[in-house]
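Just below is one structure, and these are the notes that go with it.
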Amino acid sequence: MMSAAGPGKAALFGPVDAARLRRRREIYTLLPGVAGRGELQCVFQPSVSASGGELRGLESLVRWASPTIGAISPGEFIAMAEESGEIVSIGRWMLDRAIADFARMRRMGLEVPQVSINVSPAQFADAELADFARQTCERHAVDPSRVVLEITESVLVDGSDMTSAAIDALLGAGFVLSLDDFGTGYSNLRSLIRLKLSKVKIDMSFVRRMIEDKASLIVVDTVIRLARGLSCSVVAEGVERQEQADLLRSLGCDEIQGYLVGRPMPFGEFVAWCEGRTDAVAGATEAP
Ligand code: C2E
Ligand code: MG
Ligand code: MG
Ligand code: MG
């Protein structure tokens, strides 16, 4: 982008834009092979039932600590990795790490029913996605019915043969599908019905505003009714306050996830978090 602009155009960028572009270019240069260099980490964020606070699952989220430029958030690099195709190897690394760690937690006796893994639309371009996921489960002796793949509405909009075939193969192997960030994309209701979704996650932008903003509350309420009508369970993301958790429970939301329940944690910290939960209710009411 900047190279195409040339020296004359560079003056159009302020110092902030220039710094941001430089960082983006640096990240882009560091991306190739990142999964093989031991710079990625998998962290886990719990989700609990909205009514009783029992642990329902954990979501795996990628972290990148670059030895040259330090921490790089997924918000910064995932979109770039999707563009460059690097997301395929990052995604495979995460599938393997998350499923291996989940298997280890269960062997340790932790009662974690399911693990969720984010899958980018670009990963569906990998013809071997479903085979890889299936083999990973076999290798770690995890039943695919315990593995939830979080996809976004853009996968539904895509609708390509390749994507549909991959989704069918994943469902055929017994994996569970969840729709992430619901309400922010462009999917129509027909494609929502076509997919055999087990979970719908309400985007945190609605959850964050619903107490002050009537329109957001209506969206949250409608999504909960729609999902329940389609026999999907509903997860609210980004729950930070007790009053949000209380309202979501009264609206019939099944699961909550957010800083109120627990932040994303590395393996050891997550294990300690689980062990510190004395009763089923603790998780839903504890401040972070
Ligand atoms: P997401 O899948 O919707 O994940 C939720 C994001 O919200 C996470 O950010 C999480 O740390 C953050 N979060 C959770 N609870 C709260 C809360 O109460 N308040 C606030 N303010 N934030 C909360 P994170 O880890 O930075 O990830 C951002 C996005 O990057 C994810 O959104 C997901 O779309 C993508 N991502 C993360 N890890 C992966 C991965 O392994 N593969 C792929 N393909 N995408 C990933
Ligand atoms: Mg997610
Ligand atoms: Mg997301
Ligand atoms: Mg989300």
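Just so we're aligned: the sequence shown equals residues 490 to 777 in full-length UniProt numbering. Glycine included, each C-beta is placed from N, C-alpha and C at the ideal position. Just so we're clear, the structure is a prediction, and the values are computed from it rather than from any experiment.
Is it the case that the CB of residue i approaches a heavy atom of ligand 2 more closely than 8 angstroms?
i: K688; result: no
i: S605; result: yes
i: E639; result: yes
For residue i, tell me which candidate among the options has the shortest Cα-Cα distance.
i: D657; options: T625, Q603, E617, D590; result: E617
i: R697; options: D670, S680, C626; result: D670
i: R623; options: V636, F613, A614; result: V636
i: R683; options: K703, G648, L740; result: G648
Looking at ligand 4, does it come within less than 8 angstroms of residue i, judged from the CB to the closest heavy atom?
i: E642; result: no
i: D647; result: no
i: D743; result: no
Rounded to a whole number of angstroms, what is the C-alpha to C-alpha distance between residue i and residue j?
i: G564; j: E600; result: 30 angstroms
i: G559; j: A570; result: 17 angstroms
i: S720; j: R512; result: 44 angstroms
i: A776; j: A654; result: Because the pLDDT of A776 is 40, which lies under 50, any placement of that residue in the model is unreliable, and the number read from its coordinates should be weighed accordingly. Roughly 43 angstroms separates the two Cα atoms.
i: G757; j: S562; result: 21 angstroms
i: L510; j: F613; result: 29 angstroms
CB residue i to CB residue j, shorter than 9 angstroms?
i: S667; j: L638; result: yes
i: K675; j: E642; result: Here residue 675 turns out to be Tyr, not Lys, going by the sequence shown. Yes, Cβ-Cβ distance for Y675 and E642 is below 9 angstroms.
i: V523; j: S578; result: yes
i: G691; j: I707; result: Correcting the residue type first, residue 691 is Ile in the shown sequence and not Gly. No; because the gap between Cβ atoms is not below 9 angstroms, this pair is not in contact.
i: K688; j: V631; result: no
With a threshold of 8 angstroms (Cβ to nearest heavy atom), would residue i be considered close to ligand 1?
i: P602; result: no
i: D632; result: no
i: Q612; result: yes
i: Q731; result: no
i: I561; result: no
How about residue i: is its C-beta nearer than 9 angstroms to some C-beta of chain C?
i: S653; result: Of the chains in the structure shown, none is chain C; there is only one protein chain.
Given 8 angstroms as the limit, is there contact between the segment 531 to 541 and the segment 741 to 750, that is, 3 or more CB pairs closer than that? Segments in contact, yes.
Between the segment 547 to 561 and the segment 581 to 589, do at least 3 Cβ pairs fall closer than 8 angstroms? Cβ pair count under 8 angstroms is three or more, so yes.
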